[in-house]
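In terms of full-length UniProt numbering, the sequence shown has 84 at position 84, counting the first letter as 1, and numbering is strictly consecutive. All C-beta atoms, glycine included, are put in the ideal place defined by N, C-alpha and C. These numbers come from a predicted model, not from an experiment.
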Amino acid sequence: MPIAREAHIRILTKETLDGLVNESQSDYRGRLLERERSILLRYEDGPEGEEGPASTSIHIREGQAEIVRRGSVSNRLIYIPGEWTSCHYQTPMGILDLRVFTERFQFLKLSDRKMRLILSYQLELNGQEAGRRELSIEIVMR
């Protein structure tokens, strides 16, 4: 039976919209469960709203990834290379329709303790272009 291991998670984000670029870095502590054909990563990302911190799960399977966030803002984004996927982005003000086109999906196992997920994708929000994102998620097991 797989055992969840503590992990350090570093997320580098590059957002491009209308020629403007915004880059950020976030660090989290979480838990990683490695199975034969998939990886599940979970972490909390700071105090948010009255119900406490938001919870994020990243599920990496052969050729695709799914990121689920639960909190005052919730979403479920699915990344499949070369495909548009339809998702919902739930806010306290209502639900927004979101589409994701995954341009790049790369999962690298760099060592026994270190992995990296790289995603590059386009976003559409309620049928309008909402920019391009690049994520690099580095995972280091403790």
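Leu-98 is positioned such that its CB atom lies closer than 8 Å to that of Leu-125. Around Ile-9, the same chain offers Tyr-28, Gly-30, Tyr-43 and Ile-139 as residues with beta carbons nearer than 6 Å, after the five sequence neighbours per side are excluded. In the DSSP secondary-structure assignment, Ser-38 is bridged to Arg-61. Counting only unbroken stretches of 3 or more residues, the beta strand (DSSP E) elements lying wholly within the region 58-107 are 64-70, 74-79 and 84-91, in sequence order.
By the 16-neighbour rule on beta-carbons within 10 angstroms, Thr-91 is exposed. A residue is called buried once 16 or more other Cβ atoms fall within 10 Å of its Cβ, and Leu-110, having fewer, is exposed.
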